[in-house]
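So the sequences go chain by chain: A and B.
For the record, in the first sequence the residue sitting at position 69 is 69 according to the numbering used here, with numbers rising by one throughout.
Count along the second sequence from 1, add 193, and you get the number used in the numbering used here.
Quick reminder that beta carbons are idealized off the backbone N, C-alpha and C, glycines included.
There are 2 protein chains.
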Amino acid sequence: MSTTIDMPESNVGKAKAVVVGPQRPGGWKKGVAIMDFILRLGAIAAALGAAATMGMSDQTLPFFTQFFQFEASYDSFTAFQFFVITMAIVAGYLVLSLPFSIVAIIRPHAAGPRLFLIILDTVFLTLATASGASAAAIVYLAHNGNQDSNWLAICNQFGDFCAQTSGAVVSAFVAVVVLVLLIIISALALGKR
Amino acid sequence: MSTTIDMPESNVGKAKAVVVGPQRPGGWKKGVAIMDFILRLGAIAAALGAAATMGMSDQTLPFFTQFFQFEASYDSFTAFQFFVITMAIVAGYLVLSLPFSIVAIIRPHAAGPRLFLIILDTVFLTLATASGASAAAIVYLAHNGNQDSNWLAICNQFGDFCAQTSGAVVSAFVAVVVLVLLIIISALALGKR
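Okay, structure coming up:
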């Protein structure tokens, strides 16, 4: 009689162990989620800085030629307009993603918010990289010019303009690197559990 | 007596249900892995096509001017050189990633190869997007020129060259879209299980 009573008790114990199994006390997941939040703040700063620096880049030369007065602003180049709009959109997305990052801190084991973040991060990483790289191509041309197409370097005239746009491009690539890190962190948190 | 015997049996049933729970017969995961493999083949084709089209873009105009003979090739533009090298690297990575994709088909529930693929895919997505976007910026300039910096459009002279480079850029963006899809698919497969 005692053996038949012992059996169910040991079974109940096993069942409990199995139920508890998947819910490890993953403190490192909370740490990862907090790091995600901090990195996101850094990416917001970099993206906003890039958009603002590029948006305020403007230089009018203090002399006239026989042709016209020289003025350069981000409006002059389609790639720079695209850059300002895109980096503003990326910064806006990153601000809106902060609540989801907070949900991931509160519930470190929920896969939903992490999946949502990794997918949208990938899309906006592509957007940020595209705008940063196209602006970088124009900045490179402005610095070096191109012999074969007879495009002359404009940075000896527009030094301040070139410095501002170069800074904006560097800031954009900081945001890109942080977004790549965010995706890698989210993937690791999704994969190991 | 009969009631006390029924109790343990129902407990055993519950315990089994819990143990079986996490190991679903995830046939959709195998399907996702096969789709990953096929998309990867498409991305290889797009990346190789982009690198080859850009690498073979070359046009010499059949007339001289008083200055020099006009010739345009991908060598003329740093962004295009970067494009050829980068797309070749991305295509090489995608070929090397095929074995890992096959491992993911054979073992659909293993997180390791999927994590490896999602992290490297993100890095090479960034590389492919950067090269595609910088080449796109130059192609746009070649088509439209720029008033403020006095860069003239060269596509009326170099029509074939512009068509080839534009095609290469489009092909690069096909590869970028496929890489984004690959990352989203991998993230979904990692997250839902």
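Going straight from the alpha carbon of residue i to that of residue j, what length do you get?
| i | j | result |
| --- | --- | --- |
| residue 251 of chain B | residue 319 of chain B | 27 angstroms |
| residue 276 of chain B | residue 128 of chain A | 18 angstroms |
| residue 348 of chain B | residue 355 of chain B | 6 angstroms |
| residue 42 of chain A | residue 334 of chain B | 33 angstroms |
| residue 344 of chain B | residue 375 of chain B | 39 angstroms |
| residue 93 of chain A | residue 175 of chain A | 13 angstroms |
| residue 384 of chain B | residue 164 of chain A | 42 angstroms |
| residue 32 of chain A | residue 98 of chain A | 14 angstroms |
| residue 132 of chain A | residue 81 of chain A | 11 angstroms |
| residue 245 of chain B | residue 130 of chain A | 21 angstroms |
| residue 85 of chain A | residue 79 of chain A | 10 angstroms |
| residue 96 of chain A | residue 189 of chain A | 21 angstroms |
| residue 106 of chain A | residue 39 of chain A | 17 angstroms |
| residue 74 of chain A | residue 363 of chain B | 25 angstroms |
| residue 147 of chain A | residue 340 of chain B | 18 angstroms |
| residue 62 of chain A | residue 139 of chain A | 22 angstroms |
| residue 158 of chain A | residue 103 of chain A | 47 angstroms |
| residue 22 of chain A | residue 48 of chain A | With a pLDDT of 46 at residue 22 of chain A, under the threshold of 50, the modelled position of this residue cannot be trusted; read the value that follows with caution. Distance between the alpha carbons of residue 22 of chain A and residue 48 of chain A: 40 angstroms. |
| residue 249 of chain B | residue 221 of chain B | 42 angstroms |
| residue 160 of chain A | residue 353 of chain B | 37 angstroms |
What whole-angstrom Cβ distance do residue i and residue j have, given they're in contact under 8 angstroms?
| i | j | result |
| --- | --- | --- |
| residue 101 of chain A | residue 117 of chain A | 7 angstroms |
| residue 377 of chain B | residue 44 of chain A | At roughly 23 angstroms, the Cβ-Cβ gap does not stay under 8 angstroms, so residue 377 of chain B and residue 44 of chain A are not in contact. |
| residue 178 of chain A | residue 46 of chain A | 6 angstroms |
| residue 76 of chain A | residue 342 of chain B | 7 angstroms |
Flag this pair as yes or no: are the beta carbons of residue i and residue j separated by less than 8 angstroms?
| i | j | result |
| --- | --- | --- |
| residue 243 of chain B | residue 365 of chain B | yes |
| residue 180 of chain A | residue 315 of chain B | yes |
| residue 90 of chain A | residue 37 of chain A | no |
| residue 380 of chain B | residue 115 of chain A | yes |
| residue 168 of chain A | residue 35 of chain A | no |
| residue 337 of chain B | residue 346 of chain B | yes |
| residue 30 of chain A | residue 113 of chain A | no |
Are the C-beta of residue i and some C-beta of chain A separated by less than 8 angstroms?
| i | result |
| --- | --- |
| residue 229 of chain B | no |
| residue 384 of chain B | yes |
| residue 233 of chain B | no |
| residue 376 of chain B | yes |
| residue 369 of chain B | yes |
| residue 339 of chain B | yes |
| residue 221 of chain B | no |
| residue 286 of chain B | no |
| residue 272 of chain B | yes |
| residue 237 of chain B | no |
| residue 342 of chain B | yes |
| residue 199 of chain B | Caution applies to residue 199 of chain B, whose pLDDT of 48 falls short of 50 and renders its modelled position unreliable; the value that the coordinates give is listed next. It does not: the Cβ of residue 199 of chain B has no partner Cβ on chain A nearer than 8 angstroms. |
Kindly say whether residue i, judged by its beta-carbon, lies nearer than 8 angstroms to any beta-carbon of chain B.
| i | result |
| --- | --- |
| residue 100 of chain A | no |
| residue 210 of chain A | Summary: the structure shown does not reach residue 210 of chain A, with chain A confined to residues 1 through 193, and so no result is reported for it. |
| residue 76 of chain A | yes |
| residue 107 of chain A | no |
| residue 72 of chain A | yes |
| residue 180 of chain A | yes |
| residue 3 of chain A | Unreliable positioning characterises residue 3 of chain A in this predicted model, as indicated by a pLDDT of 46, which lies under 50. A coordinate reading is not provided. |
| residue 88 of chain A | no |
| residue 188 of chain A | yes |
| residue 111 of chain A | yes |
| residue 154 of chain A | yes |
| residue 138 of chain A | yes |
| residue 61 of chain A | no |
| residue 115 of chain A | yes |
Residue ranges of each beta strand (DSSP E) run of no fewer than 3 residues wholly in the stretch 48-119 of chain A, ordered along the chain? 58-64 and 69-73
Residues of the stretch 118-136 of chain A whose Cβ lies closer than 8 angstroms to any Cβ of chain E, in chain order: Absent from the structure is chain E; the protein chains it does hold are A and B.
Continuous alpha helix (DSSP H) assignments of at least 4 residues falling wholly in the stretch 341-386 of chain B: Segments of the alpha helix (DSSP H) lying fully in the stretch 341-386 of chain B: 352-384.
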